[in-house]
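Student: Mind looking over this structure? Questions follow.
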Amino acid sequence: MPNAIFFPLPTGERLTGWRDRLVRSNALVADAVQQVRRDFYDSFDGRLSRTGTMLEHERGAHGGELRLRVCDGQRVRAALAWDTEVPRFPAALAPGELRRVLEKRLGPRALLPLASVRLRRFNLRAVDAEDKTRVRVRVESLGLRDSQGRFRVLRKHLCVQPLRGYSKDAQRIVSCLEQDHGLRPLCADLCALILTAAGSHPLDNSAVRAVSLRADMRADAAARRVLQAQLADMQAQEPGLIADLDSEFLHDFRIAVRRSRSLLGELKRLFPRSVQQRFGDDFAWLSAVTSEARDLDVYLLNFAAYRRAVPARLRPGLDPLQALLRDKRQRVHSEQLAVQLQSRRYRAFKQRWQDYLDRPLARRPTAPEAAKPLGAVVRRRSWRRYRRILRQGARIGPESPAEELHGLRKACKKLRYLLDSFAALYPPADLEAAIRILKKLQNNLGEIQDLEVQGVALNRFAMELRRRGEYNANTGAAVAALLETLQRRKTQAREAFETRFRRFARAGNQRLFRRLLKPESAEPPR
Amino acid sequence: MITLACYNIKGGVGKTASAVNLAYLAALGGARTLLWDLDAQGAASFYFRVKARVKGGSRGLLRRKRKLEAAIKATDYPRLDLLPADFSYRNLDLLLQQQRKPGTRLRKLIKPLRGDYDYLFLDCPPGITLASENVFAAADALLVPTIPTTLALRTLEQLAAFCGDQGYPGLRLLPFFSMVDRRKQLQREIVARPDGLLKKPALGSIPYATEVEQMGLRRAPLETFGRAGAAATAYRQLWAQLQRALASP
Ligand SMILES: Nc1ncnc2c1ncn2[C@@H]1O[C@H](COP(=O)(O)OP(=O)(O)OP(=O)(O)O)[C@@H](O)[C@H]1O
Ligand SMILES: [Mg+2]
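Going down the list, the protein sequences come from chains W and A. Counting in the numbering used here, the first sequence runs from 7 upward without gaps. Counting in the numbering used here, the second sequence runs from 21 upward without gaps.
Written as structure tokens, this is what we have:
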């Protein structure tokens, strides 16, 4: 079975809304809602997940099924109809492929329950004149019970399941979702996501790190907690990253690094200068040694889209480019990433950083705002950052150089990290609205810059191919067509900027940010 | 991958019905299953609502111009794929004769599928032809639906003799009773006291039942709409027995 394609949806959206939209826009047939429970199993030492698989037991009104799922590609390696409890050892299963594979991988180990999720889903399908199904689409929400027994929606997504021999029908739906509905596919390891969220990832024994914050706590103490959570997040990604299980590990690792670095910079009045400088350098270093690998991941994740951007007859011309990227990525990963993350320098950094975060708070700190209440400090900082964004954006016109947009993008990221990291300080509805507004601007800025960077990089790789003589007959034309498409999209995104920014800076939105961030007037102005 | 061919020299004995229902049950049980409709009539393809057409036809397949895999279609059921029939299969013998080693082409052709599927079912046309010899060489077992009549039993003995003489050492002959009409005394007697090849271990029997005929109207495997009926139950038993038989040498 070809791999499924996932499109994450904001968790606030309703499944029925998407179901109806898809039924209308793509003439899909919808089946009744389905509720199932999925339990995940592995041995205590993760013998299944180490081989990139996971045993899941799905039970619903239609009976149960045991499946050995391949985590990265969302394929099922083997399955078995199974309505009763999952036995501790596969020998108790009915004979067949599933039992054979499980016995081989588990050896003497027992199966233990790891996590349990609930799925609510609508199954949609496109059928032809013979009433034969040609592609399946699932609209799903995935949730789990946390340790307090509360139900929490973990994620909502659309999943397009291409069927063998009917790839065109799947492509049609995918491009409709991308173009008409503006969705972006995500290459995420669903197993890892579920298990991490359930707090029982065999590779990651840390549960979801919720940091508890209050507006009246000491600002430096709170900032340390947030940074501590980021460090734990980085460490949780290490094994998966080094073993190269999924590109998401590196992605999350880099997010934690960037957040930490950004917070150190934004909240500089909370930390002694020496601390800021020293650890700021460390984070800059980590960012630098991981960036090439991430870029290559992005190009590879985008590759299906690159192919679609090129006329069908030229597509084989992109094969050498993909091979080159894969090759480079492999090399960067094993020679650079894995090495640096196991280096003495990295270990020493973690130790120092941890020591610093653990150190008792100074009674009379030297940093000017360290002992102030968190709420006031963070709001003031965020408010200033917001107003700066307004000024920066207003200066940008159609002729402005790319660096100014890039600068604005960085500023938006800083504000975003502040909002995300200290979310607990704000009324949730307002915060969500503010983030939505900011995100729209960020998406536009991100697109402009990413397309620019991608164009330059792909051009460079194409030249490298030519030098090495690894060109096939179509490569030149294919790369040219691809670059042209990227360029066109970039121009479109760039042209859209003005409108996007105007919307971002609309009076109503400004009022919202003011309400959310502006320091209380009772405070002395700075 | 275990290759099972539903085969009988005689026509209209339930080959296609068994191939469709057993393949469905195999997939339902969790196995990655492929059904190849080798009959130019395309009955199995029809049951799965797939057009009986392969780009390039049998010529393309045999010349390996088009990979077999490219012709595979997913059915509406998880893990069950179909290789549809093509009208050109009626000339398969002629084409095979033009090949080198014409008796083992099919075996070679399906080799690349071995890692992709746990079971390959072949729904064969009736008759003994070069194409069926290819099937004998490619299959691990022949599933032979047999109507309980003395004539049919003779045909079965002939088939066994043929396979023995021609030397298909790995091939197992697994006959079972098909379309058993309980109202007919002779049939009852034959099923009650099976003889020869059908004696041991008996795989079971499929009764004559109108639900099976309904598959043509529903265009779906029996299990999906007639689960409770005698024929569906018989097919499930047959599949269970068959798996047992395949597991023991
Ligand atoms: N157990 C059964 N009870 C009643 N009808 C049956 C049964 N099995 C098959 N039939 C019907 O008998 C006819 C022939 O069956 P089927 O097509 O399976 O046989 P076949 O051996 O594949 O035929 P052919 O040689 O033409 O390929 C079909 O109409 C089918 O619906
Ligand atoms: Mg037939």
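By construction, the Cβ of each residue, glycine as well, lies at the ideal position given by its N, Cα and C atoms.
Measure the beta-carbon distance from Arg170(W) to Asp57(A) and round it to whole angstroms, keeping in mind my assumption that it falls under 8 Å.
Tutor: That pair is no contact at about 15 Å.
Student: Identify the continuous alpha helix (DSSP H) that holds Ala180(A) and give its terminal residues.
Tutor: Thr170 to Gln186
Student: So who's on the other strand from Trp56(A), going by DSSP bridges?
Tutor: Leu103(A) and Leu142(A)
Student: Distance, Cα to Cα, Arg353(W) vs Trp359(W)?
Tutor: CA-to-CA, the gap between Arg353(W) and Trp359(W) works out to about 10 Å.
Student: State the Cα-Cα distance for the pair Ala434(W) and Leu160(W), rounded to the nearest angstrom.
Tutor: Checking the sequence shown, residue 434(W) turns out to be Pro, not Ala. When rounded, the distance between both Cα atoms is 17 Å.
Student: Please name the residue in Pro189(A), Ala157(A), Ile167(A) and Tyr67(A) whose C-alpha comes closest to that of Glu243(A).
Tutor: Nearest option by C-alpha distance: Tyr67(A).
Student: Leaving out five residues on either side along the sequence, give the residues of the same chain with a beta carbon under 7 Å from the beta carbon of His163(W).
Tutor: Phe12, Phe13, Pro14, Leu15 and Glu146
Student: DSSP three-state label for Ala528(W), please.
Tutor: Here Ala528(W) scores only 45 on pLDDT, less than 50, and its place in the model should not be relied on; the value that follows carries that caveat. Three-state result, Ala528(W): coil.
Student: Chain W beta carbons: is any one of them nearer than 8 Å to that of Gly49(A)?
Tutor: yes
Student: Quick one: does Ala172(W) have its CB under 8 Å from some CB of chain A?
Tutor: Going by the sequence as given, residue 172(W) is Tyr instead of Ala. Closer than 8 Å to some Cβ of chain A, the Cβ of Tyr172(W) qualifies, so yes.
Student: Taking only the alpha-carbon atoms, compute the straight-line gap between Ala39(A) and Pro168(W) and give it to the nearest angstrom.
Tutor: Here the C-alpha atom of Ala39(A) lies approximately 25 Å from the C-alpha atom of Pro168(W).
Student: Contact criterion: CB-CB distance below 8 Å. Does Val232(A) meet it with respect to chain W?
Tutor: no
Student: Is DSSP giving Ala213(W) helix, strand or coil here?
Tutor: Its pLDDT being 29, under 50, Ala213(W) is placed unreliably in this model, and the coordinates cannot settle the point.
Student: Evaluate the contact criterion for the segment 29 to 47 of chain A versus the segment 230 to 249 of chain A: three or more CB pairs, one atom per stretch, below 8 Å.
Tutor: yes
Student: Anything in the segment 137 to 153 of chain W with a Cβ closer than 7 Å to a Cβ of chain A? List those residues in chain order, please.
Tutor: Asp137, Lys138 and Thr139
Student: Looking at the unbroken beta strand (DSSP E) that takes in Phe46(W), where does it start and where does it end?
Tutor: Gln40 to Asp48
Student: So which residues on chain A does Leu125(W) lean against when the C-beta distance must stay under 8 Å?
Tutor: Correct list: empty, because the minimum Cβ distance to chain A is about 16 Å.
Student: Under the rule that 16 or more other beta-carbon atoms within 10 Å means buried, what is Val35(W), buried or exposed?
Tutor: Taking all protein chains in view, the Cβ of Val35(W) is surrounded by fewer than 16 other Cβ atoms within 10 Å, so the residue is classified as exposed.
Student: Is the separation between the beta-carbon of Arg43(W) and that of Glu62(W) shorter than 8 Å?
Tutor: no
Student: Which residue's Cα is closest to the Cα of Thr170(A): Gln205(A), Gln118(A), Leu81(A) and Ala46(A)?
Tutor: Scanning Gln205(A), Gln118(A), Leu81(A) and Ala46(A) for the CA closest to the CA of Thr170(A) turns up Gln205(A).
Student: Opposite Asn28(A) in the DSSP bridges: which residues?
Tutor: Residue pairing for Asn28(A): DSSP places it in no beta bridge.
Student: Please state whether the Cβ-Cβ distance between Pro195(A) and Thr166(A) is less than 8 Å.
Tutor: yes
Student: If you draw a straight line from the alpha carbon of Gln348(W) to that of Arg239(A), how long is it in whole angstroms?
Tutor: In this structure, the CA atom of Gln348(W) is about 59 Å from the CA atom of Arg239(A).
Student: Is there at least one Cβ from chain W nearer than 8 Å to Asp138(A)'s Cβ?
Tutor: yes
Student: Does the separation of the CB atoms of Arg267(W) and Ala290(W) fall below 8 Å?
Tutor: yes
Student: Hey, is Arg99(A)'s beta-carbon within less than 8 Å of any beta-carbon in chain W?
Tutor: yes
Student: Using a C-beta to C-beta distance shorter than 9 Å, which residues of chain A count as neighbours of Glu103(W)?
Tutor: What Glu103(W) touches in chain A: Gly50, Ala51, Arg52 and Asp138.
Student: Closer than 8 Å, CB to CB, is Leu86(W) near chain A or not?
Tutor: yes
Student: Taking the beta carbon of His207(W) as the centre, do at least 16 other beta carbons fall within 10 Å, making it buried, or is it exposed?
Tutor: Note that His207(W) scores a pLDDT of 41, beneath 50, so its modelled location is shaky and nothing firm can be said.
Student: Does ligand 2 have a heavy atom nearer than 7 Å to the CB of Ala63(A)?
Tutor: yes
Student: Helix, strand or coil, according to DSSP, for Arg512(W) in the structure here?
Tutor: coil
Student: Should Ile454(W) go down as buried or exposed, given a rule of 16 or more other Cβ atoms within 10 Å for buried?
Tutor: buried
Student: Listed by chain order, which residues have C-beta atoms less than 5 Å from any heavy atom of ligand 1?
Tutor: Gly31(A), Gly32(A), Val33(A), Gly34(A), Lys35(A), Thr36(A), Ala37(A), Pro146(A), Met199(A), Ile226(A), Tyr228(A), Ala229(A), Val232(A) and Glu233(A)
Student: Got a sec, what are the start and stop residues for the alpha helix (DSSP H) Ile248(W) sits in?
Tutor: Per DSSP, Ile248(W) belongs to the alpha helix (DSSP H) from Ala225 to Ile248.
Student: In chain W, which residues lie less than 7 Å from Arg69(A) when you measure between Cβ atoms?
Tutor: The contacting residues are Glu136, Asp137 and Lys138.
Student: Which bits of chain W does Asp96(A) rub up against, with CB to CB less than 7 Å?
Tutor: Within 7 Å Cβ-Cβ: Lys138 and Thr139.
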